[in-house]
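**Student:** Mind having a look at this structure? Questions to follow.
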Amino acid sequence: MNDKIDSIWLQSFYCVYLCNSFTRASEQLEIPSSNISRHISLLEKQLGVRLFERSTRKISVTEAGSQLYKRTYHLIASLNEALDDIKTNNNTISGQLKILVPDIPILADALSAFSIQYPTISISCDTSLDSKLTLQDGYDVILSFSRGKLADKNWIAKKVTSWKSAVLASPKLIEQVGEPNSIQDLSKLPCITTTTALNGTPWKFRSNNSTTPLTLSVTSKFKVNSGSMAKTAAVAGVGFAILAEQVCKKEIEAAELKVVQLDIEPLDLELYAYYSNRTLVPPKIQAFLEHLETVNAS
Numbered sequence: 004m005n006d007k008i009d010s011i012w013l014q015s016f017y018c019v020y021l022c023n024s025f026t027r028a029s030e031q032l033e034i035p036s037s038n039i040s041r042h043i044s045l046l047e048k049q050l051g052v053r054l055f056e057r058s059t060r061k062i063s064v065t066e067a068g069s070q071l072y073k074r075t076y077h078l079i080a081s082l083n084e085a086l087d088d089i090k091t092n093n094n095t096i097s098g099q100l101k102i103l104v105p106d107i108p109i110l111a112d113a114l115s116a117f118s119i120q121y122p123t124i125s126i127s128c129d130t131s132l133d134s135k136l137t138l139q140d141g142y143d144v145i146l147s148f149s150r151g152k153l154a155d156k157n158w159i160a161k162k163v164t165s166w167k168s169a170v171l172a173s174p175k176l177i178e179q180v181g182e183p184n185s186i187q188d189l190s191k192l193p194c195i196t197t198t199t200a201l202n203g204t205p206w207k208f209r210s211n212n213s214t215t216p217l218t219l220s221v222t223s224k225f226k227v228n229s230g231s232m233a234k235t236a237a238v239a240g241v242g243f244a245i246l247a248e249q250v251c252k253k254e255i256e257a258a259e260l261k262v263v264q265l266d267i268e269p270l271d272l273e274l275y276a277y278y279s280n281r282t283l284v285p286p287k288i289q290a291f292l293e294h295l296e297t298v299n300a301s
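When you line the sequence shown up against our numbering, it's residues 4 to 301, in that order.
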């Protein structure tokens, strides 16, 4: 029987009970009084009892009506309060934010600033670059690097920033093996690649005659899953590395790394934020996405 009772019937009943008037209940609920009468009649028919005694001049609640109000109103009030609390909490920037990000200083600074700005958000950050990890692993947002066209994903990809890339090497390594002038020369020299991020090899370069990037398979005996480790290895002379110039600014200025000028430039390194394709993006995720707009190459 209960599943045949419409909640709007009960809402009309409570309002009539409290207002002691069909007219005032109609004004408070902002629906026609005829609708109020119909709701009460349907509820009475379903319950098999009279809830109100009606006359041309006044109404009075029956014993059954009084019992219905006293036994159920606090339940509906609690339900409405819970729904209001959930709605309020969902509109506040709080809760836990689980994210997967590359381990680079610029993003570490951005995350720290975000945490200070929103102290009501609890951040759980993973720096693994395992390409098999997805939003299905419980992450709210995944930050990932890409060069060139993105693979088709079943979630939203928002471009955060773009950094100019360069092939770099230590002066000591260049002195030992020579400085390449073309990507063909580079393919024969020792290089540092990644084990997971950007799928390691091949490296991607701009094409002068096509929108499709040129790819280059390089020789690598040193593979890492961290841009910081790749930079450290490049400074040590392990091999040539393709990195964002922004993250190597100090090393370039200190002459620990040199930008290698080739016949073709590498594609820019682009940082994307992936998040679930939802109609309503939770405020904590929306705030984080907006904060990421402050991450730039300046």
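The beta-carbon is built from N, C-alpha and C at its ideal position, and this holds for glycine as well.
The model shown is predicted, which means the values in this text are computed figures rather than measured ones.
Under a three-way DSSP split, which group does Ser12 fall into?
**Tutor:** For the sequence presented, residue 12 should be read as Trp rather than Ser. Trp12 falls in the helix class under three-state DSSP.
**Student:** Taking the alpha-carbon positions, what's the Trp12 to Gln70 distance?
**Tutor:** If you take the alpha carbons of Trp12 and Gln70, they lie about 16 angstroms apart.
**Student:** Residue range of the alpha helix (DSSP H) that Leu110 falls in?
**Tutor:** 108–120
**Student:** Whole-angstrom Cβ separation of Asp129 and Leu103, contact assumed at under 8 angstroms?
**Tutor:** 5 angstroms
**Student:** Taking the alpha carbon of Asn212 as the point to measure from, which residue in Cys22, Leu45, Ile267 has its own alpha carbon closest?
**Tutor:** Ile267
**Student:** Would you call the segment 66–80 and the segment 267–276 in contact, with 3 or more CB pairs under 8 angstroms?
**Tutor:** no
**Student:** Tell me the DSSP bridge mates of Phe208?
**Tutor:** Leu217, Pro269
**Student:** Give me the residue from Val170, Trp158, Val241, Pro35 with the minimum Cα distance to Ser279.
**Tutor:** Trp158
**Student:** Within the same chain, show all residues whose beta-carbon is closer than 6 angstroms to that of Ser2, passing over the 5 residues directly before and after it, in chain order.
**Tutor:** No answer is possible for residue 2: the residues shown for the chain start at 4 and end at 301.
**Student:** Among the residues of its own chain, which have a CB less than 8 angstroms from the CB of Thr65, if the five just before and after it don't count?
**Tutor:** Val52, Arg53, Leu54, Phe55, Glu56
**Student:** Based on DSSP bridge pairs, tell me the residues matched to Ile159.
**Tutor:** Tyr278
**Student:** Kindly indicate which three-state DSSP category Thr95 falls into: helix, strand or coil?
**Tutor:** coil
**Student:** Does DSSP classify Leu201 as helix, strand or coil?
**Tutor:** Annotation note: pLDDT 48 at Leu201 (below 50); position unreliable, coordinate value reported separately. Looking at Leu201 - three-state DSSP - the assignment turns out to be helix.
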